[in-house]
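Residue numbers (our numbering): 41 to 479.
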Amino acid sequence: MAENGPGARLAAPPGRAGRLRLVEPWFAPFALINGAALGLSPILLPVAASRDGVGHVGLVMGAFNLGAFAAPAVGTLADRFRAHRGLTVLCAAAAAVSLWLFPLAGPDWQLLLALADGAGFAGAVTIANLLIVERRPRAEWNSRLGFLEAVLSVGQGAALFLAAYLATLSARDGLLLGAIVPAAAIPLAAVLIPRIAGRPAPTAHPATAVVPPASQHRLASIGLVGEWGPASPLRAHHLAHRRPFSGLAVLAGPFGWMLAAWIPAYAGTAVIFALYPVLFQQAFGVAPSSSSIAFAVIVFVSLPLFPVAAALSQRRGPAAAMAGALAARVVLLGALAALAAAGHPPAVLPFAAFAGIMFAWSFLSVASPGLTGQLVPEAEGDAQGLLNASSGTAGLLGSVIGGVLADHLGYPAALAFGASSTALGLAIFAVTTLRRRSP
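Structure representation (structure tokens):
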């Protein structure tokens, strides 16, 4: 894992008591919001939206991904008004109300509610991010954010198990009960989230500086939660630019080619994440309750892979790690397309392919910010923001295109598009970025 400054290496690894202190009580409401967004919504929303066709499912999940663009606005409001607690309450309320109303709304209103759900999640995780980087020394950022991610992953896994039960109920009852999860975060956020009275002045030593320069928050960290959702805390870097669009200059260099590869590759795999429960139900004959349990297991199994991915990226270079992960996804998405075309294969086969796609994210989530820092070390914060924005855009495009293809041509065509789009991203990456980077 990259260090956050020269002084970061001066901090000794925390012992057991130190690790316990890294888990703060205010993690709890964010774990509930994260669980609702990444555990309940991706199972229950597609199942409820499927009554209007698979194409509508893609639109709903695309709108959910689009909610990621609320993160900078929420972060700016939190910075300006020091309203971290109140904004978290609003984000949790938005998620709860959107889940509650979703099965009662028409198709057009469902898109707006999915957008509100994604915006509430993206805003909440941005605030969780800021509660660490604005309150703690720079040398503690990676460790504290890593423990936050671990707690959020537990919340996601628990919510996926809950979704397995709620998926057996009617859409109305399942989402009504599911709305209780983010609603429970409201009183916890009001009580547990610490108040930040004002922005303290940064100290001279980078290891003890509590906040970065006022122009931006910069984090050299990796995200563990995954890509099933608009963002995760370590990938939703909040940038408070004083000059809008000032970071677009980084697109003129090699980082622009990296984004040109990242967008089609990310869009390709967004197909399966948008359609996951409906795909496994209609193409592979697996009930949403079973696919939800399988995904929960995959989430927990994938957690130990992140240190492995960090070690590989350090040894071979982030470009090589990204290329290998993208190549694996091309093969596995192609295998899923073939399995969908073959009929109803044994469920273990498509689940194994999906698990491999998820495991590849462990390496992509480590390598992509690491490579971004290498390509534009002088403007890493701007580049990280653009990387996250491109992920949200690609997730929207992949979800919508995949849903339309599945609706008109079937699931094999949608998955074949996913494999082809990812292969296009890999080809661009190989000829522009990979050949110019050495481990």
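In this text, a Cβ means the ideal position worked out from N, Cα and C, and glycines have one as well.
task = Under 8 Å by Cβ, that's how I've got P82 and V97 pegged, so tell me the actual separation to the nearest angstrom.
result = Locating residue 82 in the sequence shown gives position 42, where the first residue counts as 1. Locating residue 97 in the sequence shown gives position 57, where the first residue counts as 1. Not really, about 11 Å apart at Cβ, beyond 8 Å.
ask   = Where does G186 sit, in a helix, a strand or coil, going by DSSP?
value = Indexing the sequence shown from 1 puts residue 186 at position 146. G186 falls in the helix class under three-state DSSP.
ask   = Which residue's Cα is closest to the Cα of L171: T208, L232, A199, Q150?
value = Counted from its first residue, the sequence shown places residue 171 at position 131. Among T208, L232, A199, Q150, the Cα nearest to that of L171 is on L232.
key: Proximity to L32 [Cα-Cα], best of A68, L106, G75, E64   = This structure does not reach residue 32, given that the chain is present from 41 up to 479, and the question cannot be answered.
query = When we look at the beta-carbon of P273 and count the other beta-carbons within 10 Å, is it buried (16 or more) or exposed?
reply = On the sequence shown, residue 273 is found 233 positions in, with the first residue counted as 1. With a pLDDT of 41 at P273, under the threshold of 50, the modelled position of this residue cannot be trusted; read the value that follows with caution. Flag for P273 reads buried.
request  = Rounded to whole angstroms, what's the CA-CA distance from F324 to F399? Just pull it up for me.
outcome  = Numbered from 1 along the sequence shown, position 284 holds the residue referred to as residue 324. Numbered from 1 along the sequence shown, position 359 holds the residue referred to as residue 399. Going by the C-alpha atoms only, they are around 21 Å apart.
message = On a Cα-Cα basis, can you pick out the residue from L373, V371, A456, A429 that is closest to P112?
response = Mapped onto the sequence shown, residue 112 falls at position 72. With distances taken between Cα atoms, P112 lies closest to A429.
inquiry  = Among A68, A162, A145, L206, whose alpha-carbon lies nearest the alpha-carbon of P317?
reply    = In the sequence shown, the residue the question calls residue 317 occupies position 277. Answer by Cα proximity: L206.
ask   = Would you call the segment 158-175 and the segment 133-148 touching, i.e. three or more CB-CB distances under 8 Å?
value = yes
query = CA-CA distance, G413 and A334?
reply = Against the sequence shown, residue 413 aligns to sequence position 373. Against the sequence shown, residue 334 aligns to sequence position 294. Approximately 35 Å, taken between the alpha carbons.
message = Between I397 and R369, how many whole angstroms is the CB-CB distance? I'm expecting something under 8 Å.
response = Counting from 1 along the sequence shown, the entry for residue 397 is found at position 357. Counting from 1 along the sequence shown, the entry for residue 369 is found at position 329. Indeed they touch by this definition, with Cβ atoms about 6 Å apart.
ask   = Between the beta-carbon of G308 and the beta-carbon of T433, is there less than 7 Å?
value = Against the sequence shown, residue 308 aligns to sequence position 268. Against the sequence shown, residue 433 aligns to sequence position 393. In this structure, T433 does not lie closer than 7 Å to G308 by Cβ.
task = Could you round the C-beta distance between A454 and G442 to whole angstroms and report it? I think they count as a contact, below 8 Å.
result = Taking the first residue of the sequence shown as position 1, residue 454 is located at position 414. Taking the first residue of the sequence shown as position 1, residue 442 is located at position 402. Indeed, because the Cβ distance is near 5 Å, the residues count as touching under 8 Å.
ask   = For P409, which of helix, strand or coil comes out of DSSP?
value = Position 369 of the sequence shown, counting from 1, holds the residue named residue 409. Three-state DSSP puts P409 in a helix.
G450 (DSSP reduced to helix, strand or coil) = On the sequence shown, position 410 is the one that residue 450 refers to. If DSSP states are grouped into helix, strand and coil, G450 belongs with coil.
request  = Kindly provide the ranges of any alpha helix (DSSP H) runs that are 4 or more residues long and lie completely inside the segment 57-144, ordered along the chain.
outcome  = 67-75, 81-89, 94-106, 111-121, 124-141
key: S353, enclosing alpha helix (DSSP H) - first and last residue   = The residue you call residue 353 lines up with position 313 of the sequence shown. It spans 345-356 - the alpha helix (DSSP H) in which S353 sits, taken as one unbroken run.
task = Return the first residue and the last residue of the alpha helix (DSSP H) that T166 is part of.
result = As a working note, residue 166 is residue 126 in the sequence shown. Residues 147-173.
ask   = Just the Cα atoms here: how many angstroms apart are A154 and G374?
value = Stepping through the sequence shown from its first residue, residue 154 is reached at position 114. Stepping through the sequence shown from its first residue, residue 374 is reached at position 334. Taking the straight line from one Cα to the other gives about 29 Å.
query = CB P294 to CB A377, shorter than 7 Å?
reply = As a position in the sequence shown, residue 294 is number 254, starting the count at 1. As a position in the sequence shown, residue 377 is number 337, starting the count at 1. Not in contact: P294 and A377 (Cβ atoms no closer than 7 Å).
message = Among L80, L426, A367, whose alpha-carbon lies nearest the alpha-carbon of L216?
response = Taking the first residue of the sequence shown as position 1, residue 216 is located at position 176. For the residues L80, L426, A367, the minimum Cα distance to L216 belongs to L80.
query = When the distance is taken between beta carbons, is F70 closer than 7 Å to A168?
reply = Reading the sequence shown from its first residue, position 128 is the one you call residue 168. Reading the sequence shown from its first residue, position 30 is the one you call residue 70. For A168 and F70, yes; Cβs fall inside 7 Å.
task = Would you identify the three-state DSSP class for G269, choosing helix, strand or coil?
result = Position 229 of the sequence shown, counting from 1, holds the residue named residue 269. For G269, the predicted structure reports a pLDDT of 45, less than 50, and the residue's modelled location is therefore unreliable. The matter cannot be settled from this model.
query = Looking only at C-alpha atoms, which of G458, L127, S90 sits nearest to A310?
reply = Working through the sequence shown from its first residue, we reach residue 310 at position 270. Nearest of G458, L127, S90 to A310, Cα basis: G458.
ask   = For the candidate residues S405, R355, S460, A360, whose alpha-carbon lies nearest to that of F346?
value = Locating residue 346 in the sequence shown gives position 306, counting from the first residue. Closest by alpha carbon: S405.
query = According to the Cβ coordinates, are A76 and P227 closer than 7 Å?
reply = Walking along the sequence shown from the start, residue 76 turns up at place 36. Walking along the sequence shown from the start, residue 227 turns up at place 187. Not closer than 7 Å, so no.
task = Take F104 as the anchor and find which of G296, L151, Q196, Y306 has the nearest alpha-carbon.
result = Sequence index remark: in the sequence shown, residue 104 carries index 64 (1-based). Of the candidates G296, L151, Q196, Y306, the one whose C-alpha sits nearest the C-alpha of F104 is L151.
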